[in-house]
Structures are given as structure tokens and as C-alpha cells.
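In the UniProt record's numbering, the protein residues as written are 1 to 35. Built from N, CA and C at the ideal position, the CB exists for glycine as well. Below: the structure, in C-alpha cells.
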Amino acid sequence: SWWLVAAPGATIMLVSLAFNLLGDGLRDVLDPRNE
Numbered sequence: 001s002w003w004l005v006a007a008p009g010a011t012i013m014l015v016s017l018a019f020n021l022l023g024d025g026l027r028d029v030l031d032p033r034n035e
């Protein structure tokens, strides 16, 4: 039952990646001067 361990780990990785991309997008929108 390796997927019982892999499923939560993959979910956490996807959520953290989504927040990372969302944060980058918000920073670009709020602070366009920054390159």
C-alpha cells in the first residue's frame, strides 16, 4: 500500500507548488517594478 503514503506526500507537494506559483504571480502583479 505504498500509495497510502505517496498520496498525501504528492498532495502536499502539489499544494506547496501551487502556493509558490500563486505567490510569485501575486508579487509580479503587486510589484511590477521588480524583475
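{"query": "Quick one: grab the DSSP three-state call for residue 1.", "result": "coil"}
{"query": "When the Cα atoms are used, what is the spatial distance from residue 33 to residue 27?", "result": "10 Å"}
{"query": "DSSP on residue 27, reduced to helix/strand/coil?", "result": "helix"}
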